[in-house]
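A short write-up of the structure that comes next.
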Amino acid sequence: MGVLLYTMLAGHTPFANGPNDTPNHILARIGEGRFDLMSGNWANISCPAKHLVQKMLHVDPKQRYRAADVLGHAWIVNKNNLPVSRLVHQEPHLVKGAVAATFRAINNYPKPPNLGARRLSSGAGHGEGPRARHQSSTEV
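Here the UniProt record's numbering is used: position 33 in the sequence shown is 33, and no number is missing along the way.
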């Protein structure tokens, strides 16, 4: 979910810079949780939106937002109050190539890296106690 939201807002993928990125570079960025929230479209995107993306892409699965957390985030809850802003996006074939390179890197890696993916079937908010909700303004 985080990769999709990042891609929709930024106009490019968070971990692959293009279709020719090597699997090792992509996996290193994923493992380090290294992605840009400063340049390009990010200059026009609100702090609440950036916060949500950071939480959705957090490298530590215990701190990464689950679906219920995303739905309760102020940026989502107040979506009807957001201003309309036009964002610049890469050509679709470039984004598609970068997404494909990311999936190839993950799928062809000899031993799957521990990306800490959360399974919906094991504790998607059931019996894990309340999680803090963030209150903030709702700019784009």
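By construction, the Cβ of each residue, glycine as well, lies at the ideal position given by its N, Cα and C atoms. In this text the structure is predicted, and so the values were computed from the model without any measurement.
- In the three-state scheme derived from DSSP, where H, G and I count as helix and E and B as strand, residue 61 is classed as coil.
- The beta-carbon separation of residue 93 and residue 11, rounded to 13 angstroms, does not stay under the 8 angstroms limit for a contact.
- Taking 8 angstroms as the cut-off, the beta carbon of residue 109 is found no closer than this to the beta carbon of residue 57.
- By the beta-carbon neighbour count (other beta carbons within 10 angstroms, threshold 16), residue 71 is exposed.
- At the C-beta level, residue 4 and residue 49 stay beyond 8 angstroms of one another.
- In summary, residue 103 is exposed, with fewer than 16 beta-carbon neighbours lying within 10 Å of its beta-carbon over all protein chains present.
- At a Cβ-Cβ threshold of 8 angstroms, residue 95 and residue 22 do not count as neighbours.
- Annotated three-state conformation of residue 32 is helix, per DSSP.
- One thing to note: residue 73 has its Cβ within 8 angstroms of the Cβ of residue 52.
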